[in-house]
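Enquirer:
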Amino acid sequence: MAYIPLRKAVEFLGLHPNTLRRYADEGKIKSIK
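Just so you know, numbering that gives the first Met the number 0 puts 3 at position 4 of the sequence shown, and the rest follows in order with no gaps.
1. DSSP three-state label for Tyr2, please.
2. For Leu12, name the three-state secondary structure that DSSP assigns.
3. Would you tell me roughly how many angstroms separate the C-alpha atoms of Leu19 and Ala1, rounded to the nearest one?
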């Protein structure tokens, strides 16, 4: 699986960075730190 930086994901999805962080914390998306 390829990982993309938060900044690229935000641009692609049009979401706020905190939204993606919350999704990761809730287990809705996979993330690495």
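Even for Gly, the Cβ is constructed at its ideal location relative to N, Cα and C. If you're wondering where the values come from, they're calculated on a predicted model, not measured in any experiment.
Expert: Considering the structure as presented:
1. coil
2. helix
3. 17 Å
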